[in-house]
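Visitor: So that we are looking at the same thing, I have put the structure below in C-alpha cells.
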Amino acid sequence: MPTKDRNLPSVAVRRENEVIMFDCGEGTQKQMVLSRIGFNKKMKIFITHMHGDHVLGLPGMLQSMSLLGRSKELDVYGPQGIGDFVESVNRTVQFQLVFPLRIHEVGPSKALNEPYYEIKAVRANHVIPCLSYALLEKPKPGRFNPKKAQTLGVPKGPLWKKLQLGEDVKIGGRIVKSSDVVGPPRAGVKLVYAVDTRPCSAVRRLASNADLLIHDGSFDDSMRDKAKEYGHSTASEAANLARQAKVKQLVLTHISAMYSNPRVPLRQARKIHRRTVIASDLMVIDVKTSN
Ligand SMILES: [Zn+2]
Ligand SMILES: [Zn+2]
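What follows is the structure, given as C-alpha cells:
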C-alpha cells in the first residue's frame, strides 16, 4: 500500500533518448510528472506480475498519454494476463488510445533483443507467476584516440570514421590498424530488477556481476516467516544474494508499509553488502560500469 512517504513500485531507466520502465504501480504517472519524464518519450514498460501494486498505474498512465496526444508507439511487456487486463479496462473505461499500443506476453525464455541492449526475464519465486528482468547493454566500442591517429599520419575525416568502426586503413602505403587507435570494447551496464520474490537461484544468476540490483527487501530479518509466507525477501536475504552474485550496488525496495523509517533493514543489509541503499521515492541513481 502507499504510505505518506512511499509510493507503489515503479522504476524508470533513462537510457539515451528512451525510457525503460519496470512496473507501474498506482500513482506512477504522478511520479513521472514530478521526475519530469515526458509522456511522449520513446518508451517500453515491463510488468513483473499481475498483483495490483505493480500494474494498477498502467490504465491511468495510458489515459493521460492519450489526453496529451502521445504519438509514439508504446510497448508493454508482462506475464500472461497483461493483455486481458489492458483490453478489459480499455473496453469498460474506453480511454480511446490515440497512439499504437502493443502488448507482449513474455515468459522467462523470451528476451527482447534491441540493437544496443537486451532485456532478459527469469521466473522469480513469488506466490503467483512473476518475472525478474535484467537490462544488459551490449559492449560499446572502445575509445578512439584522435591524437594517436594524427601521430600515425591519418588525417581527420572519413578515415577516422573507418578506424572507429573497426576497419584498418591504408595511408601512404602503410596500414594503420583500428586497434592501434581504438581502445578495447567497453562493457555495457547491467541492471537487474527483482521484486516480489524470495531469494532464488534464477535471480542470483541473472544478477551476476550486475552494476545495480534493485531487489525486494520487504521486511527486516525478524519477519523472515512472513517474507516466506508472502513470497518476499528480508533485507539480509537480499544482501546475501547480492554478495553471492558480486553485485556492485544493491537497492532494496518494495519496503513494507510497516516501516516509516527503514533503518533496521538497512543496517542488517549493510552488514552483509556494504554498498546498499533503501529506495526512496524519486531517488535518482546514475548507473555506470566500472571501466
Ligand atoms: Zn506480488
Ligand atoms: Zn508487490
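Quick note: the sequence shown uses my numbering, first residue 24, plus one each step. Backbone N, C-alpha and C define an ideal beta-carbon position, used for all residues, glycine too. Note that this is a predicted model, so its numbers are computed, not measured.
Quick check on Gly101: does DSSP put it in helix, strand or coil?
Guide: Strand, per DSSP.
Visitor: Can you grab the Cα-Cα spacing for the pair Ser231 / Gln119, in whole Å?
Guide: So the two alpha carbons sit approximately 42 Å from each other.
Visitor: Around ligand 2, which residues pass a check of Cβ closer than 7 Å to any of its heavy atoms?
Guide: After applying the 7 Å Cβ criterion, the set is Pro32, His74, Asp76, His77, Val218, Asp219 and His277.
Visitor: Would you say Pro288 and Asp219 are within 9 Å of each other, going by their C-beta atoms?
Guide: It is not a contact, given that the beta carbons lie outside the stated cut-off.
Visitor: If you follow the alpha helix (DSSP H) that Lys185 is part of, which residue opens it and which one closes it?
Guide: That run of the alpha helix (DSSP H) goes Pro181 to Gln187.
Visitor: Helix, strand or coil: which one does DSSP assign to Glu49?
Guide: Note: Glu49 maps to coil in three-state DSSP.
Visitor: Report the residue from Val307, Ile142 and Ile308 whose alpha carbon sits nearest the alpha carbon of Ser132.
Guide: Of the listed residues, the one whose Cα sits closest to Ser132 is Ile142.
Visitor: Is Ser134 buried or exposed, if buried means 16 or more other CB atoms sit within 10 Å of its CB?
Guide: Position check: residue 134 holds Ala in this sequence, whereas Ser was assumed. So Ala134 ends up on the exposed side.
Visitor: Should Val150 be counted as a contact of ligand 1 given a C-beta to heavy atom distance under 8 Å?
Guide: Yes - ligand 1 has a heavy atom lying nearer than 8 Å to the Cβ of Val150.
Visitor: I think Arg125 touches Asp107, with their Cβ atoms under 8 Å apart; what is that distance to the nearest whole Å?
Guide: With a Cβ gap of about 15 Å, Arg125 and Asp107 do not count as contacting.
Visitor: Using 9 Å as the threshold, is the C-beta distance between Lys95 and Met66 below it?
Guide: Yes.
Visitor: Which residues in the same chain as Gly189 place their Cβ atom closer than 8 Å to its Cβ, once the five residues preceding and following it in sequence are excluded?
Guide: Closer than 8 Å at the Cβ level, and outside the excluded window around Gly189, lie Pro164, Ser201 and Val205.
Visitor: Can you give me the C-alpha to C-alpha distance between Ala268 and Gly211, rounded to a whole angstrom?
Guide: Those two C-alpha atoms are separated by around 17 Å.
Visitor: Thr276: which of Ser58, Leu236, Pro152 and Lys170 sits nearest, CA to CA?
Guide: Thr276 has its Cα closest to that of Leu236, out of Ser58, Leu236, Pro152 and Lys170.
Visitor: With DSSP as the reference, label Met246 as helix, strand or coil.
Guide: Helix at Met246.
Visitor: Per the DSSP calculation, Phe167 is bridged to which residue(s)?
Guide: Beta-bridge pairing links Phe167 to Val205.
Visitor: Around the Cβ of Gly61, are there at least 16 other Cβ atoms within 10 angstroms (buried) or fewer (exposed)?
Guide: With fewer than 16 Cβ atoms within 10 Å of its Cβ, Gly61 is classed as exposed.
Visitor: Determine the direct distance from the alpha carbon of Met88 to that of Asn63, and round the result to whole angstroms.
Guide: Each residue's alpha carbon lies about 7 Å from the other.
Visitor: Which residue wins for smallest C-alpha separation from Asn168, given the options Ala157, Trp183 and Leu159?
Guide: If we check each option's Cα against that of Asn168, Trp183 comes out closest.
Visitor: Pop quiz: Cys153 and His238 are said to be a contact at Cβ under 8 Å. What is the actual Cβ separation, rounded to whole angstroms?
Guide: Not a contact, Cβ separation roughly 13 Å.
Visitor: Measuring straight from C-alpha to C-alpha, what distance separates Glu260 and Val307?
Guide: Cα-Cα distance, rounded: 24 Å.
Visitor: Could you please give the first and the last residue of the uninterrupted beta strand (DSSP E) stretch that includes Val300?
Guide: Run containing Val300: Thr299 to Ile301, per the beta strand (DSSP E) assignment.
Visitor: Pull the bridge partners of Phe108 from the DSSP assignment, please.
Guide: Answer is none; Phe108 lacks a bridge partner.
Visitor: For a test of the three-state rule: what should DSSP assign to Val199, helix, strand or coil?
Guide: In the structure shown, Val199 sits in a strand (DSSP, three-state: E or B).
Visitor: Is Thr115 helix, strand or coil by DSSP?
Guide: Three-state result, Thr115: helix.
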